[in-house]
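**Q**
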DNA sequence: CGTTCCCTTGACTAGAGTCAAGCAAGGTGG
DNA sequence: CCACCTTGCTTGACTCTAGTCAAGGGAACG
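Residue numbers (UniProt numbering), protein chains in the order written: chain A, 1 to 243; chain B, 1 to 243.
(1) Which chain A residues sit within Cβ distance under 7 Å of residue 133 of chain B?
(2) Have a look at residue 140 of chain A and residue 205 of chain A and give me their C-alpha separation to the nearest angstrom.
(3) Taking only beta-carbon atoms, is residue 21 of chain A less than 8 Å away from chain B?
(4) In the DSSP output, what is residue 54 of chain A paired with across the bridge?
(5) Kindly list the residues whose CB is nearer than 8 Å to the CB of residue 56 of chain A, restricted to its own chain and excluding five residues on each side of it in sequence; keep chain order.
(6) Mind checking if residue 149 of chain B is an interface residue toward chain A, Cβ cutoff 8 Å exclusive?
(7) For the region 52-76 of chain B, enumerate the residues whose C-beta is nearer than 9 Å to any C-beta of chain A, in chain order.
(8) Counting along the chain, where does the beta strand (DSSP E) carrying residue 83 of chain B start and finish?
(9) Could you say if the region 144-162 of chain B and the region 159-169 of chain A meet the contact criterion of at least three C-beta pairs nearer than 8 Å?
(10) Going along the chain, which residues of the region 98-127 of chain B sit with their C-beta nearer than 8 Å to a C-beta in chain A?
(11) From the DSSP secondary-structure annotation, give me the bridge partner or partners of residue 70 of chain B.
(12) Restricting to Cα atoms, I'd like to know which of A:132, A:224, A:104 is closest to residue 48 of chain A.
(13) Below 8 Å between beta carbons: does that hold for residue 101 of chain B and residue 63 of chain B?
(14) Answer yes or no: does any C-beta atom of chain B fall closer than 8 Å to that of residue 32 of chain A?
(15) Would residue 96 of chain A and residue 53 of chain A qualify as a contact pair, given that the criterion is a beta-carbon distance under 8 Å?
(16) If you draw a straight line from the C-alpha of residue 37 of chain B to the C-alpha of residue 76 of chain B, how long is it?
(17) For residue 48 of chain B, which of helix, strand or coil comes out of DSSP?
(18) Just curious, the beta strand (DSSP E) that residue 220 of chain B is in, first and last residue?
(19) When burial is assigned at 16 or more other CB atoms within 10 Å of the CB, is residue 78 of chain A buried or exposed?
(20) Using 8 Å as the limit for Cβ to Cβ distance, is residue 211 of chain B near chain A?
(21) If we count Cβ pairs, one from each stretch, closer than 8 Å, do we get three or more for the region 129-139 of chain B versus the region 127-135 of chain A?
(22) When you compare the region 195-212 of chain A with the region 145-152 of chain A, are there three or more beta-carbon pairs, one atom per stretch, that lie closer than 8 Å?
(23) Rounded to whole angstroms, how far is the Cβ of residue 228 of chain B from the Cβ of residue 142 of chain A, which I believe are closer than 8 Å?
(24) Could you say which of A:109, A:58, A:94 lies nearest to residue 14 of chain A if we only look at CA atoms?
(25) Mapping DSSP to helix, strand and coil, what is residue 199 of chain A?
(26) Does the separation of the CB atoms of residue 180 of chain B and residue 117 of chain B fall below 8 Å?
(27) Measure the C-alpha to C-alpha separation of residue 218 of chain A and residue 183 of chain A and round it to an integer number of angstroms.
(28) Who are the neighbours of residue 236 of chain A on chain B, taking C-beta pairs under 7 Å?
(29) Can you pull out the residues from the region 77-88 of chain A whose beta carbon lies closer than 9 Å to at least one beta carbon of chain B?
(30) Go ahead and pull the three-state DSSP assignment for residue 35 of chain B.
(31) Quick one: residues in its chain with C-beta nearer than 7 Å to the C-beta of residue 237 of chain B, no 5 flanking neighbours on either side, listed in chain order?
(32) Spell out whether any CB of chain A is found under 8 Å from the CB atom of residue 188 of chain B.
(33) What number of angstroms, rounded off, separates the C-alpha of residue 202 of chain A from the C-alpha of residue 92 of chain B?
(34) What residues from chain A crowd round residue 17 of chain B, counting only those whose CB sits closer than 8 Å?
(35) Would you list the one or two residues that DSSP bridges to residue 212 of chain B?
So, in structure tokens, the structure goes:
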């Protein structure tokens, strides 16, 4: 469950120091942030924020993965964002958010009181600049995802998703033959890709039958043919659409 | 075709003065922007920027509507943004953009040299702050659109689209019974909604048969039953998902 | 007046959704 | 330690929505 901790990691030892909203800050600005921050941790599956709930804090993801989801009245759900470490949750100037934020892993957040943070932005241009960059990056990602949701087939969606995991995994570990962790259930993947869980399952099976991937267990797989995988994504040869 | 004009509208008479990237600027900052800007105009249908083309300028939409589209190798196209007056095109820190920008109406842009603008952002916090807000607004819109693309039925997509036009039109003109201009062809609408043009046409016909809308000609319609229209969007009663 | 563009409509198809049954792994309690 | 349950996943059979292919209408324009 949700635990609030006083800040105990020094900012200059923080794993997301170079990528988060603070990345452009100088020493004085860092000292200011350091005095304001507090950490919260959430267990896998915890809801971090409910849609419509008043937004008391904004936060950077320090470790773990959180998802943003929107649910329609009848229960249809669409994931609208995947928040990896260094991503920023919440927005200055808005008192509520209109999606649910959920921890898919154990998550640690570096939190700031929303009202104080809004004042900080006016005084600290480096934070606004970095927040602008992060928002524009998110926007690029959202636009790529719109192509996937609006135009790709189920097979292309799954191939794109696997390629994404594979690229992300090889950033941390350059052995391409290593098992990759799916992190999510079939149900969560279907919400991410705009499919049903049955279709996700069938497409995994199909890609396995075609020798493109192989599952060691339900949650871990190996990409056996990276080029063939890419051919199934619908993106062009140089990865253009993802750019 | 594309015409470049020296700036001739004074910023303090500009129609988007209060909403564009300059909205937070003081007099000195405005003078700076005024000296840098130039206008470009495009005719309906002109391509403003091709995907992959080096990005020489960034710009605000002053009048008219531009679209951002991504096209897959085999021609499948998805619109990923609709740029209305005050929207900002281009992003500091990126030399190319990975979508096409097209004028759907006659469009006037207020342009700034990209490199100069990037320097400006470092010196003018009010611009970075506003750009952050605009990016976050775009992000919210993109996330709503992801729900539409991933989870809504054809009928819900069309109803949402019509409601969007209707809301936008009543902002400028509060007579709800007035003809609303579609602005786009069926083909462009289908690219916006992730459908085919035939499905768009059929859903228009269906909504007309059900007495919810009525077409005066191919491009102009009236909403006859706003409540019934909303019921078809799939969004909840208070418009929650759009929030 | 013919051509082009845009749109509508019909007939058919296919891809993904729905409903349902059952399996496997892991956890729990007797 | 075994029986039982739960959760997550797979698979099959069937349905249905939206896509595809094709024909034709009507307005606009040269």
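The C-beta atom is built at its ideal place from N, Cα and C for all residues, glycine as well. None of these values were measured; they are calculated from a predicted model.
**A** Result, derived from the coordinates:
(1) One-based indexing of the second chain puts residue 133 of chain B at position 133. Correct list: 93.
(2) Looking up residue 140 of chain A in the first chain gives position 140. Looking up residue 205 of chain A in the first chain gives position 205. Those two C-alpha atoms are separated by around 31 Å.
(3) Position 21 of the first chain, counted from the start, is the residue given in the question as residue 21 of chain A. By this cut-off, residue 21 of chain A is not an interface position.
(4) As a first step, residue 54 of chain A is located in the first chain; it is residue number 54 there, counting from the start. According to DSSP, which records beta bridges pairwise, residue 54 of chain A is partnered with A:96.
(5) Here residue 56 of chain A is taken as the residue at index 56 of the first chain, counted from 1. Excluding sequence neighbours, residue 56 of chain A sits near 113, 114.
(6) Here residue 149 of chain B refers to the residue found at position 149 of the second chain. So, interface residue.
(7) 52, 68, 70, 71, 72, 73, 74, 76
(8) Residue numbering aside, residue 83 of chain B sits at position 83 when the second chain is read from its first letter. Where residue 83 of chain B is concerned, the enclosing beta strand (DSSP E) stretches over 77-83.
(9) no
(10) 98, 99, 121, 122, 125
(11) Within the second chain, the letter at position 70 stands for residue 70 of chain B. Paired residues: B:78.
(12) Here the question's residue 48 of chain A lines up with position 48 in the first chain. Selected option, being the one with the closest Cα: A:104.
(13) The residue you call residue 101 of chain B lines up with position 101 of the second chain. The residue you call residue 63 of chain B lines up with position 63 of the second chain. No.
(14) Counting from one through the first chain, the residue named residue 32 of chain A turns up at place 32. No, residue 32 of chain A does not count as interfacial toward chain B.
(15) Here the question's residue 96 of chain A lines up with position 96 in the first chain. Here the question's residue 53 of chain A lines up with position 53 in the first chain. Yes, they are a contact pair.
(16) Within the second chain, the letter at position 37 stands for residue 37 of chain B. Within the second chain, the letter at position 76 stands for residue 76 of chain B. Rounded to whole angstroms, residue 37 of chain B to residue 76 of chain B spans 36 Å at the Cα level.
(17) For the purposes of this step, residue 48 of chain B is taken as the residue at position 48 of the second chain. Residue state, collapsed to three classes: strand.
(18) Counting from one through the second chain, the residue named residue 220 of chain B turns up at place 220. 220-223 is the extent of the beta strand (DSSP E) around residue 220 of chain B.
(19) Looking up residue 78 of chain A in the first chain gives position 78. The residue is buried, with at least 16 neighbouring Cβ atoms inside 10 Å.
(20) The residue you call residue 211 of chain B lines up with position 211 of the second chain. No, because no Cβ of chain A sits closer than 8 Å to the Cβ of residue 211 of chain B.
(21) yes
(22) no
(23) As a working note, residue 228 of chain B is residue 228 in the second chain. As a working note, residue 142 of chain A is residue 142 in the first chain. With a Cβ gap of about 31 Å, residue 228 of chain B and residue 142 of chain A do not count as contacting.
(24) By 1-based counting over the first chain, the position of residue 14 of chain A is 14. Measuring from the Cα of residue 14 of chain A, the nearest candidate turns out to be A:109.
(25) Position 199 of the first chain, counting from 1, holds the residue named residue 199 of chain A. In this structure, residue 199 of chain A counts as helix in the three-state DSSP scheme.
(26) Indexing the second chain from 1 puts residue 180 of chain B at position 180. Indexing the second chain from 1 puts residue 117 of chain B at position 117. Contact flag unset, no.
(27) As a position in the first chain, residue 218 of chain A is number 218, starting the count at 1. As a position in the first chain, residue 183 of chain A is number 183, starting the count at 1. When rounded, the distance between both Cα atoms is 10 Å.
(28) In the first chain, the residue the question calls residue 236 of chain A occupies position 236. Residues of chain B passing the Cβ test: 73.
(29) 77, 78, 79, 80, 81
(30) Here residue 35 of chain B refers to the residue found at position 35 when the second chain is read from its first residue. Note: residue 35 of chain B maps to helix in three-state DSSP.
(31) As a first step, residue 237 of chain B is located in the second chain; it is residue number 237 there, counting from the start. The answer is none, since no qualifying residue turns up.
(32) For the purposes of this step, residue 188 of chain B is taken as the residue at position 188 of the second chain. Chain A, which has no Cβ nearer than 8 Å to the Cβ of residue 188 of chain B, makes this no.
(33) Locating residue 202 of chain A in the first chain gives position 202, where the first residue counts as 1. Locating residue 92 of chain B in the second chain gives position 92, where the first residue counts as 1. The straight-line gap from Cα to Cα measures roughly 42 Å.
(34) Here residue 17 of chain B refers to the residue found at position 17 when the second chain is read from its first residue. Ordered by position in chain A, no residue passes the 8 Å Cβ test against residue 17 of chain B, which lies about 20 Å from the chain.
(35) As a first step, residue 212 of chain B is located in the second chain; it is residue number 212 there, counting from the start. Answer is none; residue 212 of chain B lacks a bridge partner.
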